[in-house]
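Sequential numbering of the sequence shown, starting at 12, is according to the numbering used here.
Each residue gets a CB set at the ideal place from its N, CA and C atoms; glycine is no exception.
Working notes, structure below.
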Amino acid sequence: MKAITTIITIMLLFLSNDKVQAQDLTDTKSLLKSKTWVINEALKITMRVTDTEIILYIDNEFVGSVKYHLSDKNCMDASGSLCQFGC
């Protein structure tokens, strides 16, 4: 489960760069939900995003999910330290 959390954290950090933060949160969520994200093509690890969860699959089998929320605040500004799944 630690590997799943690490993968999801990396994806969210990648998506939380300045370009994504400048967009409307609704647009960002729509983009995330519109695709099945391939984490590792060789191992067939994919990720789907719903309104409230990030769901991980390996070889089309459910592995686990984690709740998330999007924030319009910069995590560093809001909490003084890097936060994992929003502020």
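| Hey, which unbroken runs of the alpha helix (DSSP H) at 4 residues or more fall wholly within the segment 36–75? | Listed in chain order, the complete alpha helix (DSSP H) runs (minimum 4 residues) inside the segment 36–75 are 36–44.
| said: Report the CB separation of Ile15 from Val74 in whole angstroms; it is logged as a contact under 8 Å. | reply: Between Ile15 and Val74 a beta carbon distance of about 6 Å is seen, short of the 8 Å cut, so the two are scored as contacting.
| said: What does the Cβ neighbour count give for Ile19, buried or exposed, with the cut at 16 atoms within 10 Å? | reply: Looking at its Cβ environment, which holds 16 or more other Cβ atoms inside 10 Å, Ile19 is buried.
| Presumed contact (8 Å Cβ cut-off) between Leu54 and Ile69, rounded CB distance | Confirmed, Cβ separation roughly 7 Å.
| query | Expressed to the nearest angstrom, what Euclidean distance is found between the alpha-carbon atoms of Ser82 and Thr37? | reply | If I take the Cα positions, the gap works out to 11 Å.
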